[in-house]
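Position one of the sequence shown corresponds to residue -16 (our numbering), numbered consecutively onward. Quick reminder that beta carbons are idealized off the backbone N, C-alpha and C, glycines included. What you are looking at is a predicted structure, and each value in this text was computed from that prediction instead of being measured. To keep things clear, I will list the structure first and then write my remarks on it.
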Amino acid sequence: MGSFVGHIDESIFFLLLAFWWMFNHFPRYIRSQWTRTEYRSCVSFPLPAKRYVPLEAYLKTFFPIAGLLGEICSEGVALVDANGHFRKLSQMQHMSIYGIFIVHGLIDIMTSHRIPLPPGLDYLSAIAAMSWIRSESQLGPDGR
């Protein structure tokens, strides 16, 4: 995310995800209020088609992989210089955010395909990914 392309990739990803959730959660909530049934939340929504397509889960995995590869390849692949010192420390922080979102996307894909996982793991991974971004955004320019 240190580069312009990294910011664009992340921004497009979050805008698309926010609109997708907004257009799926609102009607679902209003329907539950109208029919006086319990509102049940979920972490992802499939495409409205005859065949179940977890496109959101795949996109939540693809965009962070593209961002991670962009961060790794932006200034060369080596994360350690010849003296053994770390390079790209601020980019490593962004790479860890992408990594957590990749894990969340993979858990979402496994949940979509009904692979047995511990209950609530999809929510736990979503909380971890979103709170990681929040904690990163509160850091100052010197990392404190």
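7 Å Cβ shell around residue i - same chain, five flanking residues per side excluded
i: N136; result: The shown model of the chain, from -16 to 127, leaves out residue 136, and the question about it has no answer.
i: F9; result: none
From the options, residue whose alpha carbon lies closest to that of residue i
i: L30; options: P99, S95, A65 and A111; result: S95
i: H(-10); options: T44, Y22 and G50; result: G50
i: M113; options: G53, S15, R19 and V26; result: V26
i: L52; options: S79, L(-2), R97 and L100; result: S79
i: Y106; options: W3, A32, D64 and S24; result: S24
Status (buried if at least 16 other CB within 10 Å, exposed otherwise) for residue i
i: S108; result: buried
i: G67; result: exposed
i: E21; result: exposed
i: A129; result: Limits of the chain in this structure are -16 at one end and 127 at the other, which puts residue 129 out of reach.
i: D208; result: As shown, the chain starts at -16 and ends at 127. That puts residue 208 outside it, with no answer to give.
i: Q74; result: buried
i: Y35; result: exposed
Contact with chain C by residue i, beta-carbon distance below 7 Å
i: L52; result: Of the chains in the structure shown, none is chain C; there is only one protein chain.
Quiz item: Below 8 Å, can you find three or more Cβ-Cβ pairs linking the segment 79 to 97 to the segment 39 to 48?
Solution: The count of Cβ pairs closer than 8 Å, one atom from the segment 79 to 97 and one from the segment 39 to 48, reaches three, so the stretches are in contact.
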